[in-house]
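One structure is given below, encoded as structure tokens.
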Amino acid sequence: MLYGTSMERATERGTRRGAERRAEIVRSALEVIAERGYRGATLAAVAERVGLTQQGLLHYFPTKNSLLIAVLEERDQWDTGSARRDGGNVWPLDLLTSLVEYNAMRPGIVQTFSALLGESVTDDHPARAFFTQRYEKVRADMAATLRGEFGDRLPGGLTPEAAAPLVVAVMDGLQFQWLHDRDAVDMPALFRAFVSLLGQGDETARG
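Okay, so the sequence shown: first residue is 1 according to full-length UniProt numbering, each after it adds one.
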């Protein structure tokens with residue numbers, strides 16, 4: 001019994017150390033991506049940052065894609081975790097605007113997300129399932145946000161479910177335009193303008 005308990009404790013410690021090491025690698029990958037962008041974030045660069053050999057890094061993340069997907073999952077946790085209201089699936093619109101402002105301060109992470117998003121439309125891409133599931137959840141969460149803000153109908157007449165994909169499209173579309181020309185595209189200001197449009201009614205239809 002004592003032997004078994006010692007083995008269990010050792011296994012638990014090993015599992016905990018492994019999880020801590022994986023989290024450290026993901027944080028280091030985020031730093032490297034923010035500094036060097038998507039293409040410059042090699043496994044060798046991440047391994048050096050975290051104090052591992054590249055072979056040692058491959059023990060935790062066997063491919064660059066698997067590491068990048070872990071980074072994207074971590075990015076989503078950071079983005080949405082602090083923006084939720086009452087621990088649920090509602091993101092206040094004002095905090096969504098703050099999120100866009102935050103993204104404008106980390107072009108390397110936005111570039112990684114956008115590059116993988118564009119590539120993931122091919123059937124065999126390793127990030128395709130991640131983005132498919134992510135969009136399904138984001139659309140549902142965005143609909144809940146809009147329903148919490150406006151009720152069952154937005155002022156312009158759209159239902160929250162109909163408007164949710166449009167909000168997501170604006171957020172991601174602005175990121176692509178901003179990455180191409182940051183001087184010409186003020187991503188936070190444009191998103192604030194779009195949010196203000198959501199609150200405006202269809203005067204023609206009501207008149």
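Think of the CB as a built atom: it goes at the ideal place given N, C-alpha and C, for glycine as much as any other residue.
When rounded, the separation of the alpha-carbon atoms in T159 and G40 is 43 Å. For T97, the enclosing alpha helix (DSSP H) has its first and last residue at 93-103. In the three-state scheme derived from DSSP, where H, G and I count as helix and E and B as strand, H125 is classed as coil. Under the DSSP assignment, T112 falls in the alpha helix (DSSP H) whose first and last residues are 107-119.
Going by DSSP, P155 is part of no alpha helix (DSSP H) at all; its letter is neither H nor E. A distance below 6 Å between beta-carbons, with the five flanking residues on each side excluded, links A45 to the following residues of its chain, in chain order: V32. Rounded to the nearest angstrom, the Cβ distance from L57 to I25 is 7 Å, consistent with a contact under 8 Å.
Scanning L96, E48, T53 for the CA closest to the CA of V170 turns up L96. By the criterion of a C-beta distance shorter than 7 Å, R21 is surrounded in its chain by Y60, once the five residues flanking it on both sides are discounted.
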